Each structure stands twice: as structure tokens, then as C-alpha cells.
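Enquirer: FYI, the numbering used here numbers position 133 of the sequence shown as 133, with every residue one higher than the one before it. My structure is below; once you've seen it, I'll send some questions.
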Amino acid sequence: TVDISCQEGKVYYTTDGSTPTSMSVPYSRFKIDSKTTVKAIAYSEGRTPSSVSTAQYALGTCENPIFVLPTGTFSHSGQEIEIQWNESDGILRYTLDGRVPTEDSSTYEHPIKIDETTTVCAKVFSDRYFDSQPIWATYTREWITVETPVINAPKSFSGSGVEVAISCETE
1 TVDISCQEGK VYYTTDGSTP TSMSVPYSRF KIDSKTTVKA IAYSEGRTPS
51 SVSTAQYALG TCENPIFVLP TGTFSHSGQE IEIQWNESDG ILRYTLDGRV
101 PTEDSSTYEH PIKIDETTTV CAKVFSDRYF DSQPIWATYT REWITVETPV
151 INAPKSFSGS GVEVAISCET E
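Set out below in C-alpha cells:
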């Protein structure tokens with residue numbers, strides 16, 4: 001139940017994020033059951049209207065997502081990044097450029113494959129709870145240096161077939 005008080009005047013409110021006016025719903029106690037932004041304004045005859053007051057309500061806050069593979073290094077293409085979250089809280093969204101996700105960002109549905117150094121940011125969005133905090137992890141691609149090939153052959157040959165072997169420690 002939402003209670004709004006004002007010393008003088010008549011209070012009007014909105015719950016859709018719009019700015020209230022004297023044409024909005026006149027205040028009387030009301031209940032909310034989902035994430036809601038309440039805005040209220042007071043009017044009194046012969047006076048300038050009050051400033052708009054804003055309050056946000058929710059059933060709690062989404063749990064922060066968790067990266068299964070913590071920040072670190074990897075050395076092969078197709079590294080999979082798995083993120084866990086309480087799916088009943090809301091929708092997990094992510095970015096691959098380090099920016100904080102928005103409600104328009106990619107939805108996480110399966111592990112993300114990366115091939116190069118990448119900063120992943122993840123955040124849970126909900127229409128019942130306050131959104132989670134954004135969580136970042138940076139995965140750095142370490143390129144493995146290929147070992148120098150070794151050539152194994154005689155220094156000189158006499159015109160007949162010579163066997164040359166080339167080997168490398170790296171596959």
C-alpha cells in the first residue's frame with residue numbers, strides 16, 4: 001500500500017512514469033504488486049504547484065549474475081563464457097564491449113563464444129524486482145608462440161636422394 005502525505009493541497013499521481021498534472025489520478029491510498037515508479041504533485045488554489053516527488057517500489061532486487069569462468073586468460077578460439085543467474089528473477093542481458101547492458105542488449109540463452117580479448121558485462125532485468133547490479137569479466141586471449149621448426153638433413157649430398165626431416169614441438 002502506498003501512502004502519500006502533503007500538508008496542504010490536493011495530490012495527484014501517476015504510476016506509468018509520466019509526470020503528474022492536475023488531470024492525473026487524485027490521490028487515495030492504493031496498492032501495487034509489481035515494480036512501479038510513483039510520481040506525485042500537489043496543487044493548492046492560489047499557489048504554485050509543488051515539485052514532482054518520485055518513488056520506486058519493487059518486490060526486492062534481482063540477484064547478481066555469476067561468471068562460471070572468472071576473469072582470466074585463454075589460449076584458443078571459441079572460448080565459452082557461461083553465466084549463471086536466478087532465472088526466476090528476470091532476463092539476463094549482456095554486452096561484449098564492456099558497456100552496461102540495457103533492456104535492448106542481447107539476451108543470454110547459452111554460453112557465449114569468444115575468440116579474442118573481450119570484456120563481458122551482464123545484468124538481470126525484471127518487471128517485478130529492481131534490476132541486478134552490472135557484473136564485468138575480462139577474458140584476455142594469450143597467443144601461444146609456435147616453436148621454431150627443426151630441419152634435420154645432411155649438410156652436403158652427392159647427387160643421390162637425400163632424406164630431409166622437419167619437425168616442430170608445437171602441433
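Glycine residues also receive a C-beta, built at the ideal position from the N, C-alpha and C atoms. Predicted, not measured: the structure shown is a model, and the values here were computed from it.
For V162, collect the residues of the same chain with a Cβ closer than 8 Å to its Cβ; drop the 5 residues on either side in sequence, then sort them by chain order.
Expert: Walking along the sequence shown from the start, residue 162 turns up at place 162. Only A153, P154 meet the Cβ criterion.
Enquirer: Could you check which residue in S167, K39, V146, W136 has the C-alpha nearest to that of L69?
Expert: Position 69 of the sequence shown, counting from 1, holds the residue named residue 69. Checked all of S167, K39, V146, W136; the closest Cα to L69 is W136.
Enquirer: With distances taken from CA atoms, which of R29, I4, T21 is nearest Y43?
Expert: Indexing the sequence shown from 1 puts residue 43 at position 43. Nearest of R29, I4, T21 to Y43, Cα basis: T21.
Enquirer: Just how far apart, CA to CA, sit D127 and C168?
Expert: Here residue 127 refers to the residue found at position 127 when the sequence shown is read from its first residue. Here residue 168 refers to the residue found at position 168 when the sequence shown is read from its first residue. Each residue's alpha carbon lies about 57 Å from the other.
Enquirer: Any chance the CB of S167 is under 7 Å from a heavy atom of the ligand NAP?
Expert: With respect to the ligand NAP, the structure shown offers nothing to examine, as it has no ligands at all.
Enquirer: Using the three-state DSSP reduction, which class does Q84 fall into: helix, strand or coil?
Expert: By one-based count along the sequence shown, residue 84 stands at place 84. It is a strand residue.
Enquirer: Excluding sequence positions up to five away, which residues of its chain have a Cβ less than 7 Å from the Cβ of T170?
Expert: One-based indexing of the sequence shown puts residue 170 at position 170. Excluding sequence neighbours, T170 sits near V146, E147.
Enquirer: What's the call for L92, buried or exposed, on a 16-neighbour Cβ count within 10 Å?
Expert: For this step, residue 92 is matched to residue 92 along the sequence shown. Classification of L92: buried, given that the 10 Å Cβ count is 16 or more.
Enquirer: Measuring alpha carbon to alpha carbon, tell me which residue in R99, I114, G9, K35 is nearest T48.
Expert: What you label residue 48 is simply residue 48 of the sequence shown in a count that begins at 1. Cα-wise, what sits closest to T48 is G9.
Enquirer: If I follow the unbroken beta strand (DSSP E) through A137, where does it start and stop?
Expert: Position 137 of the sequence shown, counting from 1, holds the residue named residue 137. First-last of the beta strand (DSSP E) with A137: 135-141.
Enquirer: Using CA coordinates, which residue listed in Q79, R29, V100 is at the minimum distance from E142?
Expert: Residue 142 sits at position 142 when you count from the first residue of the sequence shown. Ranking Q79, R29, V100 by Cα distance to E142 puts Q79 first.
Enquirer: Measuring CB atoms only, is the segment 52-67 touching the segment 117-127, in the sense that at least three cross pairs come out at less than 8 Å?
Expert: Verdict: yes, contact present.
Enquirer: Report the rounded CA-to-CA distance for I4 versus V38, giving the unit in angstroms.
Expert: Taking the sequence shown and counting its residues from 1, the one referred to as residue 4 is at position 4. Taking the sequence shown and counting its residues from 1, the one referred to as residue 38 is at position 38. Looking at the two C-alpha atoms, the distance is approximately 10 Å.
Enquirer: Taking the beta strand (DSSP E) that K155 belongs to, which residues open and close that run?
Expert: The count along the sequence shown starts at 1 and reaches residue 155 at position 155. Run containing K155: none; DSSP gives neither H nor E here.
Enquirer: Between I41, Q133, D104, which has its C-alpha nearest Y27's C-alpha?
Expert: For the purposes of this step, residue 27 is taken as the residue at position 27 of the sequence shown. Ranking the options by Cα distance to Y27, first place goes to I41.
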